[in-house]
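Report on the following structure.
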């Protein structure tokens, strides 16, 4: 999303910071937001709904959406310093922290972001290996039956994923290739749509499981402590799925200067988060309606579905493709999400 400094370009074609004039608008910013937030975490929202139940699950998603709009609108006002309309641009989240909060907080923010980067890349590695194993299991179950012994190790796939990332890291500016965003959008919507469609098919066929207004109940199979732990885990899953704070400035740095970037971004936040919330409610709600209290942690890799096996495998291929590109984008600049 970078806009490089313009060299040998007419001043008419440059922005106030000397870089090539930006042409983004509310629509493009909204597209970027939706692409960022629609990740593999969407497939875990059905499990979160199972822990919280219909009332708390839907309420929490709506509350988190409202909090997100408020928070990201505040962040949008900090794109320029000291004035949100005509101040100096902050190109990254860490630059904004440095400008508004000072050097010590800038260092602290850097430590937190590097820690987050390490955790996210480890998560991508595990997610990719899990999806690769899920593909092998889908083929195995299809050939041998749903009760066959189909168990495979994740380790070879994690090693292979790491080796692939080392090779991709040798490609100059890989994270800036324009087709990455297109692939990310297609694959993320692809596996979210596949998961939702398979869940809807189960519900429509009348095979949906029993659900609850208040989530999984404490009993012989679920202790009070486990219930509390699962509720907090569910809240964390929803909060993580809504997160795009550190990519806000990357998106704003593509917007044209008039109307003001913060004004355009605030509108994009509303449109993007509204779209996100509707999609989250659909994915989470349909998945919960299909599997009830026994909803798997991930409806595509947890084998809530066995057939059609090729569609389950395709959904996992989409996840893998998304993770391969996303890993490169994140590791290329720790100041970006």
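Residue numbers (my numbering): 24 to 360.
All residues carry an ideal CB built from backbone N, CA and C; glycine is no exception.
Nothing here was measured: the structure is a model prediction, and the numbers come from that model.
Cα-Cα separation, residue i to residue j
i           : j           : result
residue 245 : residue 110 : 55 Å
residue 229 : residue 305 : 18 Å
residue 63  : residue 211 : 7 Å
residue 92  : residue 293 : 6 Å
residue 88  : residue 256 : 18 Å
residue 41  : residue 60  : 31 Å
residue 202 : residue 239 : 42 Å
residue 158 : residue 335 : 8 Å
residue 267 : residue 162 : 35 Å
residue 121 : residue 133 : 10 Å
residue 346 : residue 150 : 8 Å
residue 160 : residue 86  : 38 Å
Per-residue DSSP class, three states only, for residue i
i           : result
residue 104 : strand
residue 278 : strand
residue 45  : coil
residue 37  : strand
residue 111 : strand
residue 325 : coil
residue 236 : coil
residue 359 : Because the pLDDT at residue 359 is just 49, under 50, the model does not fix this residue reliably, and the value given afterwards should be weighed accordingly. DSSP places residue 359 in coil when its eight states are reduced to three.
residue 231 : coil
residue 242 : strand
Candidates the options: closest to residue i by CA position
i           : options            : result
residue 286 : 161, 103, 304, 182 : 103
residue 72  : 160, 254, 227      : 254
residue 208 : 348, 48, 40        : 348
residue 116 : 319, 270, 307      : 270
residue 147 : 136, 138, 175, 184 : 184
residue 308 : 249, 351, 219, 140 : 219
residue 3   : 67, 265, 74, 138   : The shown model of the chain, from 24 to 360, leaves out residue 3, and the question about it has no answer.
residue 182 : 67, 127, 145, 337  : 145
6 Å CB neighbourhood of residue i in its chain, flanking five on each side removed
i           : result
residue 180 : 152, 155
residue 80  : 72
residue 76  : 235, 236, 237, 238
Contact set for residue i: own chain, Cβ-Cβ below 8 Å, skip 5 residues either direction
i           : result
residue 164 : 171, 173, 326, 329, 332
residue 45  : 26, 38, 276, 277, 278, 279, 280
residue 119 : 98, 101, 102, 104, 113, 272
Contact belief for residue i with residue j at Cβ below 8 Å, rounded distance in angstroms
i           : j           : result
residue 314 : residue 69  : 7 Å
residue 131 : residue 213 : About 38 Å; that fails the 8 Å criterion.
Own chain, CB closer than 7 Å to residue i, minus 5 neighbours either side, in chain order
i           : result
residue 291 : 49, 52, 53, 56
residue 206 : 344, 348
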